[in-house]
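Just so we're aligned, residue 0 is where the sequence shown starts under numbering that gives the first Met the number 0, counting upward by one.
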Amino acid sequence: MHAALVTLTIDPDQAPAAAAALMNDILPRVRSAPGLIAGYWLEPADGRGLSVILFETEEQARESTPPASDWTAPGVTINSAEIRRVAATAP
């Protein structure tokens, strides 16, 4: 299993439009991505957002997250997207 860790910055003035783009555009594409196990988008704090998306394989994670996949939303800047192997899990 591999995790995509995506960090971003959100312009507070455009936060409602960014949230709408997440719900209406980005999430439906991620939900249909091959190998998706689960995804978590954490509530932004001080204009910084974080998401953790789990995939069956590293290749699936790389193909479904930025920069390979477009996560464009108003007022959002993707700061980083890392793919890491999941070393351990807990229920």
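Note that beta-carbon positions come from the ideal geometry of N, C-alpha and C, so glycine has one too.
Spatial distance of residue i from residue j (CA atoms)
i	j	result
glycine 86	threonine 76	For clarity, residue 86 is alanine in the given sequence; the question names glycine instead. For alanine 86 and threonine 76, the distance between alpha carbons rounds to 29 Å.
glycine 48	glutamate 58	24 Å
aspartate 12	threonine 6	19 Å
proline 73	valine 29	18 Å
arginine 83	alanine 3	7 Å
alanine 17	glutamate 42	12 Å
Buried or exposed (CB count within 10 angstroms, at least 16 for buried), residue i
i	result
glycine 46	exposed
serine 63	buried
serine 31	exposed
alanine 44	exposed
proline 19	Reading off the sequence, residue 19 comes out as alanine, not proline. Alanine 19 should be labelled exposed.
alanine 67	exposed
Best match in the options for proximity to residue i [C-alpha to C-alpha]
i	options	result
leucine 53	Ala80, Pro15, Gln13	Ala80
methionine 22	Ala3, Pro65, Trp40	Trp40
serine 50	Pro90, Pro15, Ile25	Ile25
Residue range of the alpha helix (DSSP H) that includes residue i
i	result
valine 29	26-30
glutamate 62	57-63
Limits of the beta strand (DSSP E) - the one that residue i falls within
i	result
alanine 17	From DSSP, alanine 17 is part of no beta strand (DSSP E) but of the alpha helix (DSSP H) over 14-20.
alanine 3	1-9
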